Structure formats: C-alpha cells, structure tokens
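Visitor:
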C-alpha cells in the first residue's frame, strides 16, 4: 500500500547504503528532487541503473555516492558529455566507479524482463557491436524453434526505483502521461518504488481508461513535490529548462565550481525549493 | 544560385534522400535537421520516429533532446521505450535509421563510445544509446557528419554500431539481414558503398568542392566513382525552409542552437 510521506522519510525508510537503485524518466519526468534528497542523506556505494544518466547521475557520481553505474547513454542530451561521470571514469574523482554499459534496447528489455519476473531478457541485438567484448553480462541464446542466435542480458531488479509523475489520487494510484519512457517497467521490476508527483487529486474520475496508471499497491511511497522534475519537464505542467542543461556543462566542467554549486543548490536547500524553480516555465 | 554554407548543403543533401514512404528513426543533431527539412519540403508524409517513443512526429522547432515535449504533442502516437525498441525497431518496421558519428571508418562502422582504450579511455564519449540496434534492425542506414581527419579515420577505436565490418559480406556472416549503411552525406560530398567491397565511394561532390578537399579532410585514401557528379545546389525553398526552422529553433531554445 502506498504511503504518503515526505521525501526525507521516503528516502530514509527505503534506500540503504549498497542498494541497487534506478531513477527513470526518458528526458521527460526525471526525478531530480528525489536524487537531491538521496545526495543530502549521503547514501554510499550505490549501484545506479539508468538508461540515460544525464545530470542527476552526474551529480550523484560527482558527490561520491556511486560504486557502479549501469547505463546505455551517458550524455547531457543536446549539449554534450557528462563531465563528472567522465572525471570519475577517466581520473577516479572523487572515487573510481565501475561501469556496465549496454544499448538502449538491452536496457529497455532488461527492465521489461524484471517487470515480467523473468531472469533475463532475450532480443535481437548487439550484432557486430563492441559492447559484447567489454561487458560480460551480454550473452547469447539460441532460439529452440528457429535456431536463431539472440542476445541475452540479465533482468534489472532494482532494490528501489524512483520516478516522477503528474498525479496521484488520494488512494495512491499514480498517473503518468506524455513520453512514458520505461517508468512502468522500472517500478514493476523494483522491490520498492518511490514516486514524486506534481499534484495529488481526489480521484481519477473522468480520465481516459487507457492512460498509464500504476495501481497504489505497486507503489511503496508517494511524495508531493511540485516542480520535482526540474530541469527536466512535466508534460502539462512546465517545460524543459534547456538553459539549465547548458549551464550544467559549465558548472560540471570544474571540480570546485561543481562542489560549491552542490552545496548551494542541493545540500543547503530542501525539496520545497523545486516549486519556485518551475514558476513561469 | 543563392549563397549557402557547407553544413547547409550537407543537411539539404541528406534531406533529399528521404521520401514520403519512409519510416525514419531519427538521431539527434544533424540527422534531426535533415529529416525535418525533408518533411517540410518534398516529403510531407514521411514518418519520423524518435527513440523516446514518439511515432509520426512533426515538431515546429528542432528538439534539443530526443524527448522534448513537442515531439510527443505533435506525434500520431507515443509509446513506451520498451515497445519502441521491441515492436517498432526490432519488429522491422523502420525503413531508414539516420545516424551521426563521432568516428567513422570507410565501411560505415561507427564509434560514439570512447577515444582510446575502452578500459582506460582518453575521452569517454556518451556511448551508443539506441545506435547498436538501429544499425542492424533498420532496413537501411544513412549517416551524416562533417568531414575531418579526426572523425573519418582508418581504424575506429570502438565498434559502437556495426556497418559493413571489414567489407564484403561481413554483415551476412554475422547473421544480419538488413542492408546497413547505404549512404553517407558529408559537408563536402555524397558517398555510397561499393556494391562488392562495401567501401564508401564518393559519387557526388557539392558545388565548388575539389577532390583534394575531400581527401584532406578524410583519414583514409578516398575512392572516387568513375563518374563523380556535382550535387545540385540548395534551392531557394530548401534553404529558406532550413533557415526558418533553425531560426524558430534558436528562438524557442533561448538563443541556443543544435548542430
């Protein structure tokens, strides 16, 4: 049953040092507020799963929370490279991290397999691709019916998944719309799921019956955090803050500038700061 | 003939390669500009798909990211990411995959993963994203990039996505049934693979470009077709469409632009 609680309580109760944790949202609905709370609570030795690490994982890696990152595209979308993640990989700052790299198809299939309760995902992929040589988790199976060789990767089974969504109702059912990414699969694949939402409404009366709704009994914890995806966006609420993504390129280029920015904008403030950041967007 | 830049010529030449019947998986950056110019000029019915799950999208401005809200708002349908990769891409429903490249070799193999050794990289690039499967599941692959000796190299550092391997029938050998890279459009020329060796060969040079320029900006010894044509210059309509699109994009993203 979904509990309604503060972000501080939700993170404290559900995420432990050493956990495997997914933060999902494909450009849209990225759970930034939740990631900042995890940084404030200083969790350690996390294995981070995310298709497109982008700014939130750059921040978590730069603050030394991550031991391992499982991903398929490590860039600042539309801008360039992830400088904190690169510094960790290339120079071990602030600590060395292990990377497990996949393609998007593999990651999406691995979440789906996790949601489906399967041990692995099977798909047509990685043919001729170099990742097969450097990631031992990429294997192959032969179709017992046709003899076709297919790629196989282990299912994602995070201890905790964090997502951001538009709405929850009073019962705790969660509504996601727009670019829905892999959020449904990431929630169903996880042992515990924490959802931050823009809005809590009485009920979902009058909505289309086929909208993407995660029933309350699939969610561990719901937190009301208006603006909680910023600088990502929430379809129907506020636009993507493209300027912030461009600015991140400069902030993340320098260790001291980064550390100071994290102090001022993450460590010294709470999740209530997000609402003001999306005003007028 | 109106004045135009090499990059504009590249984008417009790439746009011309798409038709109304195509279902195109669009990479961000230069491919995105080319695909939308095609849609706004000669191919209004082309189906553009972005890997965020948007099918049949028609954005008024170029997206800064693969998942901008406008892609969803203007799409015929928006599906989940697992569905996009399983039913639509792996299911064989995409005719053209349009990719950019950080490093490319003469056989259309692409590297966007690392410069240097994978485990001790000199530069860690973003990685493949959707590209490894786009390169093998789309019926054909078009590549567009600006020429440079850093980008077009004798040997790529990492096989992010497979083109024609070492040439010949390497794709078949690996059980890949799609055609792979069939077209390369740069800021200087249009290239197609040799039917037998699969090495990219210059078939057309853009107006005013010399063979020396093509060779100087390419890290391998360039092969030219027996009959190298001249790429028709951009028309007034093509140029206006591209420039208007870029101006709208710049305004929408607050003065920033994408390649």
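Chains as they are written, first to last, in the numbering used here: chain B, 299 to 579; chain X, 447 to 705.
Glycine included, each C-beta is placed from N, C-alpha and C at the ideal position.
Because the structure is a prediction, the values reported are computed rather than measured.
(1) Can you give, in chain order, each stretch of the beta strand (DSSP E) that sits fully within the stretch 326 to 403 of chain B and has at least 3 residues?
(2) Any C-beta of chain B sitting closer than 7 Å to the C-beta of residue 693/X?
(3) Need the endpoints of the beta strand (DSSP E) that residue 490/B sits in, please.
(4) Report the three-state DSSP secondary structure of residue 637/X (helix, strand or coil).
(5) For residue 465/X, collect the residues of the same chain with a Cβ closer than 6 Å to its Cβ; drop the 5 residues on either side in sequence, then sort them by chain order.
(6) Can you pull out the residues from the stretch 395 to 411 of chain B whose beta carbon lies closer than 7 Å to at least one beta carbon of chain X?
(7) Between the C-alpha atoms of residue 703/X and residue 492/X, what's the straight-line distance to the nearest angstrom?
(8) Classify residue 681/X: buried if its beta carbon has 16 or more other beta carbons within 10 angstroms, exposed otherwise.
(9) Going along the chain, which unbroken runs of the beta strand (DSSP E) with 3 or more residues stay wholly within the stretch 527 to 569 of chain X?
(10) Can you give me the start and stop residues for the alpha helix (DSSP H) that residue 459/B sits inside?
(11) Suppose you measure from the CA of residue 452/B to the CA of residue 535/X; what does that come to, to the nearest Å?
(12) Report the option in 441/B, 422/B, 372/B whose CA atom is closest to the CA atom of residue 574/X.
(13) Is the CB-CB distance between residue 346/B and residue 331/B below 7 Å?
(14) Between which two residues does the alpha helix (DSSP H) carrying residue 457/X extend?
(15) If you check the beta carbons only, do residue 377/B and residue 544/B fall under 7 Å apart?
(16) Beta carbons nearer than 9 Å to chain B: which residues of the stretch 461 to 478 of chain X have them?
(17) Output needed in chain order: residues of the stretch 637 to 669 of chain X with a Cβ under 7 Å from some Cβ in chain B.
(18) Less than 7 Å between the C-beta atoms of residue 562/B and residue 511/B, yes or no?
(19) Check whether the Cβ atoms of residue 324/B and residue 477/B lie closer than 7 Å to each other.
(20) Within the same chain, show all residues whose beta-carbon is closer than 7 Å to that of residue 674/X, passing over the 5 residues directly before and after it, in chain order.
(21) For the stretch 545 to 563 of chain B, list every residue whose C-beta sits within 9 Å of some C-beta in chain X, in sequence order.
(22) Taking CB distances under 7 Å as the criterion, tell me whether residue 478/B reaches chain X.
(23) Give the interface partners of residue 372/B over in chain X, defined as CB-CB distance under 9 Å, in chain order.
(24) If we count the other Cβ atoms within 10 Å of its Cβ and call it buried at 16 or more, is residue 506/X buried or exposed?
(25) For the beta strand (DSSP E) containing residue 588/X, list its first residue and its last residue.
(26) Taking the alpha-carbon positions, what's the residue 661/X to residue 667/X distance?
(27) Measure the alpha-carbon distance for residue 520/X versus residue 533/B and round it to whole angstroms.
(28) Hey, out of 511/X, 641/X, 502/X, whose CA is closest to residue 524/X's CA?
(29) Would residue 550/B and residue 425/B be called neighbours here (beta carbons separated by less than 7 Å)?
(30) Can you check whether the CB of residue 299/B is closer than 7 Å to the CB of residue 349/B?
(31) Chain B partners of residue 620/X, CB-CB under 7 Å?
(32) Is the shortest distance between the beta-carbon of residue 510/X and the beta-carbons of chain B less than 7 Å?
(33) Per DSSP, which one or two residues make a beta bridge with residue 522/B?
(34) State the Cα-Cα distance for the pair residue 493/B and residue 436/B, rounded to the nearest angstrom.
(35) For residue 677/X, which residues in the same chain have their Cβ closer than 8 Å to its Cβ, ignoring the five residues on either side in sequence?
(36) Does the structure place the stretch 499 to 511 of chain B close enough to the stretch 469 to 481 of chain X that three or more beta carbon pairs sit under 8 Å?
Guide: Inspection of the coordinates gives the following:
(1) 344 to 347, 364 to 369, 396 to 399
(2) Looking up residue 693/X in the second chain gives position 247. Judged by the 7 Å Cβ criterion, residue 693/X is not in contact with chain B.
(3) Taking the first residue of the first chain as position 1, residue 490/B is located at position 192. Here the beta strand (DSSP E) through residue 490/B covers 490 to 499.
(4) To locate residue 637/X, count along the second chain from 1; it is residue 191. In the structure shown, residue 637/X sits in a strand (DSSP, three-state: E or B).
(5) Position 19 of the second chain, counted from the start, is the residue given in the question as residue 465/X. 489.
(6) 399, 401, 402, 403, 406, 407, 409, 410
(7) On the second chain, position 257 is the one that residue 703/X refers to. On the second chain, position 46 is the one that residue 492/X refers to. Because the pLDDT of residue 703/X is 40, which lies under 50, any placement of that residue in the model is unreliable, and the number read from its coordinates should be weighed accordingly. One C-alpha to the other measures close to 24 Å.
(8) As a first step, residue 681/X is located in the second chain; it is residue number 235 there, counting from the start. Label assigned to residue 681/X: exposed.
(9) 542 to 545, 560 to 562
(10) As a first step, residue 459/B must be located in the first chain, where it is residue number 161. Judged by DSSP secondary structure, residue 459/B falls outside any alpha helix (DSSP H) and instead within the beta strand (DSSP E) spanning 458 to 467.
(11) Taking the first residue of the first chain as position 1, residue 452/B is located at position 154. Taking the first residue of the second chain as position 1, residue 535/X is located at position 89. When rounded, the distance between both Cα atoms is 21 Å.
(12) Here residue 574/X refers to the residue found at position 128 of the second chain. Per the C-alpha coordinates, the member of 441/B, 422/B, 372/B positioned closest to residue 574/X is 372/B.
(13) Working through the first chain from its first residue, we reach residue 346/B at position 48. Working through the first chain from its first residue, we reach residue 331/B at position 33. Not a contact, by the Cβ cut-off of 7 Å.
(14) The residue you call residue 457/X lines up with position 11 of the second chain. Note, residue 457/X: alpha helix (DSSP H), 452 to 462.
(15) Here residue 377/B refers to the residue found at position 79 of the first chain. Here residue 544/B refers to the residue found at position 246 of the first chain. Yes, Cβ-Cβ distance for residue 377/B and residue 544/B is below 7 Å.
(16) 474, 475
(17) Listed by position, the residues of the stretch 637 to 669 of chain X near chain B (Cβ gap below 7 Å) amount to none.
(18) Position 264 of the first chain, counted from the first residue, corresponds to residue 562/B. Position 213 of the first chain, counted from the first residue, corresponds to residue 511/B. Not closer than 7 Å, so no.
(19) Position 26 of the first chain, counted from the start, is the residue given in the question as residue 324/B. Position 179 of the first chain, counted from the start, is the residue given in the question as residue 477/B. The answer is yes: Cβ separation under 7 Å.
(20) Stepping through the second chain from its first residue, residue 674/X is reached at position 228. Result list for residue 674/X: 648, 649, 650, 651, in chain order.
(21) none
(22) Here residue 478/B corresponds to residue number 180 of the first chain, with the count starting at 1. Residue 478/B counts as touching chain X.
(23) As a working note, residue 372/B is residue 74 in the first chain. Chain-ordered, the chain X residues with CB closer than 9 Å to the CB of residue 372/B read 570, 571, 572, 573.
(24) Position 60 of the second chain, counted from the first residue, corresponds to residue 506/X. Under this definition residue 506/X is an exposed residue.
(25) For the purposes of this step, residue 588/X is taken as residue 142 along the second chain, with counting starting at 1. Counting along the chain, the beta strand (DSSP E) containing residue 588/X begins and ends at 586 to 590.
(26) Within the second chain, residue 661/X is the residue found at index 215, counting from 1. Within the second chain, residue 667/X is the residue found at index 221, counting from 1. About 7 Å.
(27) Mapped onto the second chain, residue 520/X falls at position 74. Mapped onto the first chain, residue 533/B falls at position 235. The straight-line gap from Cα to Cα measures roughly 13 Å.
(28) Locating residue 524/X in the second chain gives position 78, counting from the first residue. Checking every option, the nearest Cα to that of residue 524/X belongs to 502/X.
(29) What you label residue 550/B is simply residue 252 of the first chain in a count that begins at 1. What you label residue 425/B is simply residue 127 of the first chain in a count that begins at 1. No; because the gap between Cβ atoms is not below 7 Å, this pair is not in contact.
(30) What you label residue 349/B is simply residue 51 of the first chain in a count that begins at 1. What you label residue 299/B is simply residue 1 of the first chain in a count that begins at 1. For residue 349/B and residue 299/B, no; Cβs fall outside 7 Å.
(31) By one-based count along the second chain, residue 620/X stands at place 174. Those are 425, 426, listed as they occur along chain B.
(32) Walking along the second chain from the start, residue 510/X turns up at place 64. With 7 Å as the cut-off, residue 510/X counts as an interface residue toward chain B.
(33) To locate residue 522/B, count along the first chain from 1; it is residue 224. Paired residues: 495/B.
(34) Sequence index remark: in the first chain, residue 493/B carries index 195 (1-based). Sequence index remark: in the first chain, residue 436/B carries index 138 (1-based). Their Cα atoms are separated by approximately 31 Å.
(35) Numbered from 1 along the second chain, position 231 holds the residue referred to as residue 677/X. Result list for residue 677/X: 455, 459, 635, 636, 650, 651, 652, 653, in chain order.
(36) no
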